[in-house]
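Chemist: Residue 22 is where the sequence shown starts when you use the working numbering, and the numbers rise one by one after that. Just passing along the structure, written as structure tokens.
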Amino acid sequence: MPDEWLALYPGVREHEPLPPHSWYGIGGRARYFLELADDAPLPELVGRLNRDQVPYLVIGAASNTLFAGHELPGLTIKLSTSGISVDREAVSVSAGTLMPKLAAEMSRAGRAGLEFAAGVPGTVGGSVFGNAGAFGGEVKDRLLRAEVVDPEGTRQVMTAAECAFAYRDSVFKRSRDRWVITSATFATTSEPPVAVRARLLEVQKHRRATQPIEQRSLGSTFKNPPGDSAGRLIDACGLKGLRIGGAQVSPKHANFIVNLGGASADDVLALMAEMRDRVQERFGIELEPEIRVIGRAPRA
Ligand code: EPU
Numbered sequence: 022m023p024d025e026w027l028a029l030y031p032g033v034r035e036h037e038p039l040p041p042h043s044w045y046g047i048g049g050r051a052r053y054f055l056e057l058a059d060d061a062p063l064p065e066l067v068g069r070l071n072r073d074q075v076p077y078l079v080i081g082a083a084s085n086t087l088f089a090g091h092e093l094p095g096l097t098i099k100l101s102t103s104g105i106s107v108d109r110e111a112v113s114v115s116a117g118t119l120m121p122k123l124a125a126e127m128s129r130a131g132r133a134g135l136e137f138a139a140g141v142p143g144t145v146g147g148s149v150f151g152n153a154g155a156f157g158g159e160v161k162d163r164l165l166r167a168e169v170v171d172p173e174g175t176r177q178v179m180t181a182a183e184c185a186f187a188y189r190d191s192v193f194k195r196s197r198d199r200w201v202i203t204s205a206t207f208a209t210t211s212e213p214p215v216a217v218r219a220r221l222l223e224v225q226k227h228r229r230a231t232q233p234i235e236q237r238s239l240g241s242t243f244k245n246p247p248g249d250s251a252g253r254l255i256d257a258c259g260l261k262g263l264r265i266g267g268a269q270v271s272p273k274h275a276n277f278i279v280n281l282g283g284a285s286a287d288d289v290l291a292l293m294a295e296m297r298d299r300v301q302e303r304f305g306i307e308l309e310p311e312i313r314v315i316g317r318a319p320r321a
């Protein structure tokens, strides 16, 4: 087997249960699993995985990812690197840093422009991958460059233009899923900490008021169709509160599926299919998943 060497790789665990590594608390197992708090081994590791044609998946907080398969093949790499460094306008952040932590640090440092990150419950790497955004800000507005490891195992710096961002989309999500984002550099401006903090608190308040943040979810389940809102459409179909197994359309925000406890990936996928079908029947609009479903097609 081309992946047998992984069993001997330092830190690798076998048949790792994924629920503890998933924001949703849902998932099967990973055949091989490695958590990295330092990305130094990545270039060599990624180069070898590609040469040996071993599948791999990089995750951060898995707050936008549904693990739907029984056992993920190959290696699952959890990047839990952390570190923020400020060089005048530019702020460089390791991929594993949580966006709300970045927002909080920036407000303390009097750096403005990343307040929206307080409303993004994921890591910096995941946020660059999906061009995450909230409350009027998104990664593409602020990113200067991303540091990545390419499939050959070479470190590269990509400009924001090269990341080809679009609404909840990037070149990584579209066609470079074997590239690994290791850090990102954002542009900020200088402002009194108290002013930055006030906007950050506004983001948190608005989020608390409109989203079920006290429950486990993957955020917005579907992308907003052009000119409309998936939440409004699902709500208009009367689906708030609908439950399949342990998964429920949030009574607070119809585009969120919450895990009431013990939800399975099947429950979530069945609820997604129902939401899509009902919106299609009623409005003739096909909703596109915003969450990343790993191990199975979202319609299965
Ligand atoms: N709405 C309803 N019923 C609902 C939910 C929403 O009628 O159950 C209506 C609202 O009244 C509002 C409109 O739909 O008029 C839009 O709703 P909201 O302001 O809550 O924003 P959203 O479009 O549903 C987007 C992002 C969120 C982000 C918020 C705040 C997408 C798919 N979602 O949600 O991002 O936090 O704006 O900026 O673009 C995420 O991507 O995971 C995410 C949570």
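Using N, Cα and C, we set each Cβ at its ideal position, and we do this for glycine too.
(1) Looking at G240 and N85, is the spacing between their C-beta atoms short of 8 angstroms?
(2) Going by C-alpha distance, which of S271, S106, D287 and L290 is nearest L281?
(3) Grouping DSSP H, G and I as helix and E and B as strand, with all else coil, what is L239?
(4) Quick check on DSSP: helix, strand or coil for A321?
(5) Which residues share a DSSP beta bridge with P310?
(6) From the DSSP output, in three-state form, read off V279 for me.
(7) Measure the CB-CB distance between T97 and F156 and report whether it falls below 8 angstroms.
(8) Closer than 7 angstroms by C-beta to V107: which residues in its own chain qualify, once you throw out the five before and the five after it? Chain order, please.
(9) What residues in its chain sit with their C-beta under 6 angstroms from that of L263, if we drop five residues either side in the sequence?
(10) When you compare each of E212, S211, G154 and G174 to F186 by their alpha carbons, which one comes out closest?
(11) Here's a check: name, in chain order, each residue in its chain whose Cβ is nearer than 7 angstroms to the Cβ of A284, leaving out the five neighbours to either side.
(12) Taking all protein chains shown into account, decide if G49 is buried (16 or more other Cβ within 10 angstroms of its Cβ) or exposed.
(13) If I measure Cβ to Cβ from R299 and keep anything under 7 angstroms in the same chain, skipping five residues before and after, which residues do I get?
(14) Which one of D73, L39, T242 and L57 has the shortest CA to CA distance from H91?
(15) With a floor of 4 residues, list each alpha helix (DSSP H) that falls wholly inside the stretch 59 to 147, ordered by position along the chain.
(16) Can you name the start and end residues of the alpha helix (DSSP H) that F207 belongs to?
(17) Please list, in chain order, all residues of the same chain as R237 whose beta carbon is under 7 angstroms from its beta carbon, the five residues on each side excluded.
(18) Please identify the residue among R228, M179, G140 and A291 whose C-alpha is closest to the C-alpha of H274.
(19) Are E136 and V217 closer than 8 angstroms when you measure CB to CB?
(20) Between H42 and K99, which are expected to be in contact by the criterion C-beta below 8 angstroms, what is the C-beta distance as a whole number of angstroms?
(21) Between G117 and E311, what straight-line distance do the alpha-carbon atoms span, to the nearest angstrom?
Modeler: By the coordinates alone:
(1) One-based indexing of the sequence shown puts residue 85 at position 64. One-based indexing of the sequence shown puts residue 240 at position 219. The answer is yes: Cβ separation under 8 angstroms.
(2) The sequence position of residue 281 within the sequence shown is 260, counting from 1. For the residues S271, S106, D287 and L290, the minimum Cα distance to L281 belongs to S271.
(3) Residue mapping note: residue 239 aligns to position 218 of the sequence shown, counting from 1. Coil.
(4) As a position in the sequence shown, residue 321 is number 300, starting the count at 1. Any answer about A321 is weak, because its pLDDT of 43 lies below 50 and its placement is not dependable; what the coordinates show is given next. For A321, the three-state secondary structure derived from DSSP is coil.
(5) Position 289 of the sequence shown, counted from the first residue, corresponds to residue 310. Answer is F243.
(6) Here residue 279 refers to the residue found at position 258 when the sequence shown is read from its first residue. V279: strand per DSSP, three-state reduction.
(7) If you number the sequence shown from 1, residue 97 lands on position 76. If you number the sequence shown from 1, residue 156 lands on position 135. No.
(8) In the sequence shown, the residue the question calls residue 107 occupies position 86. Within the same chain, V107 has close Cβ partners A130 and R132.
(9) Residue mapping note: residue 263 aligns to position 242 of the sequence shown, counting from 1. Closer than 6 angstroms at Cβ, skipping near neighbours: V270.
(10) To locate residue 186, count along the sequence shown from 1; it is residue 165. Measuring from the Cα of F186, the nearest candidate turns out to be G154.
(11) By 1-based counting over the sequence shown, the position of residue 284 is 263. Within the same chain, A284 has close Cβ partners I47, G266, G267 and A268.
(12) Counting from 1 along the sequence shown, the entry for residue 49 is found at position 28. The residue is buried, with at least 16 neighbouring Cβ atoms inside 10 Å.
(13) Counting from 1 along the sequence shown, the entry for residue 299 is found at position 278. If the five residues before and after R299 are omitted, its C-beta is found closer than 7 angstroms to the C-beta atoms of C258 and L260, all from its own chain and listed in chain order.
(14) Within the sequence shown, residue 91 is the residue found at index 70, counting from 1. Taking only the C-alpha atoms, the option nearest H91 is L39.
(15) As summarised for the stretch 59 to 147, the continuous alpha helix (DSSP H) elements at least 4 residues long and confined to that stretch are 63 to 72 and 120 to 130, given in chain order.
(16) Residue mapping note: residue 207 aligns to position 186 of the sequence shown, counting from 1. First-last for F207: V201 to A208, but that is the beta strand (DSSP E), not the alpha helix (DSSP H).
(17) Walking along the sequence shown from the start, residue 237 turns up at place 216. The beta carbon of R237 sits closer than 7 angstroms to those of W44, Y45, G46, V279 and N280, all from its chain and outside the five residues before and after it, given in chain order.
(18) In the sequence shown, residue 274 corresponds to position 253, counting from 1. Nearest C-alpha to H274 among R228, M179, G140 and A291: R228.
(19) Position 115 of the sequence shown, counting from 1, holds the residue named residue 136. Position 196 of the sequence shown, counting from 1, holds the residue named residue 217. In this structure, the beta-carbon distance from E136 to V217 falls below 8 angstroms.
(20) In the sequence shown, residue 42 corresponds to position 21, counting from 1. In the sequence shown, residue 99 corresponds to position 78, counting from 1. Confirmed, about 6 angstroms.
(21) Position 96 of the sequence shown holds residue 117. Position 290 of the sequence shown holds residue 311. C-alpha separation (whole angstroms): 21 angstroms.
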